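The structure under discussion appears below in the form of structure tokens.
Numbering (our numbering), first residue to last: 38 to 248.
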């Protein structure tokens, strides 16, 4: 079951925010019962006072644990942000009423999002890699206490991360990781032996994919 808040959709199974226009939770695979109209970024100055953004790529022929995947969605997120991009009380519902422990997950969710400048820098970098062509979407704000950062989710089969900012020649002024769920992708063919690690796809795998 997916429950809908005034501004956002959240998965009842894992608590993740459902990205605009999505039919399934990208983490646990739960089907979205209802969804809001997708609000794509147009590249124009928007009228809303507070804007934060998702960035994602959909890739094909992606190697993971000796299998190739098509239509694999990779959601990119900021890592290591110390200060919020905007005041938390502006983007988290009833923020002042939440306990300190209840604030942690939605705070982490917000800090993993991108400002417009960051999103555009990341998109230019990903587009230069060709196979990672990126899409920017507006995040539906505010969020509530169900929102969690990607790194706050426990390990699960088929869900993994890789460290984009560890790639050779990475030149952005901030760290970025990607999360993907192979359960929501199309399994292609058995690949040759490729090196992966539990906490993220290895740089060796990324470089092979980009060859």
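Cβ atoms here follow ideal geometry from the backbone N, Cα and C, with glycine treated the same way. Computed from a predicted model, the values in this text were never measured in an experiment.
(message) Do residue 146 and residue 215 have their beta-carbon atoms positioned less than 9 angstroms apart in this structure?
(response) no
(request) Note down, one range per segment and in chain order, each alpha helix (DSSP H) of at least 4 residues found wholly within the segment 129-180. (result) 137-149, 153-165
(message) Mapping the DSSP letters down to three states, classify residue 209 as helix, strand or coil.
(response) coil
(request) Could you spell out the range, first to last residue, of the beta strand (DSSP E) harbouring residue 109? (result) Residues 109-116.
(request) Report the rounded CA-to-CA distance for residue 195 versus residue 160, giving the unit in angstroms. (result) 25 angstroms
(request) Write down the C-beta distance between residue 222 and residue 106 rounded to the nearest angstrom, noting that I regard them as a contact closer than 8 angstroms. (result) In this structure residue 222 is in contact with residue 106, their Cβ atoms being roughly 4 angstroms apart against a cut-off of 8 angstroms.
(request) With DSSP as the reference, please indicate the residues paired to residue 197 in a beta bridge. (result) 217
(request) Would you decide whether residue 126 is buried or exposed? Buried here means 16 or more other CB atoms lie within 10 Å of its CB. (result) exposed
(request) Assign residue 103 to one of two classes, buried (16 or more other C-beta atoms within 10 Å of its C-beta) or exposed (fewer than that). (result) exposed
(message) From the DSSP secondary-structure annotation, give me the bridge partner or partners of residue 100.
(response) DSSP lists 105 as the bridge partner or partners of residue 100.
(message) Judging by CA-CA distance, which residue of 151, 116, 140 is the nearest neighbour of residue 184?
(response) 140
(request) Select from 217, 203, 90 the residue whose C-alpha is nearest the C-alpha of residue 211. (result) Among 217, 203, 90, the Cα nearest to that of residue 211 belongs to 203.
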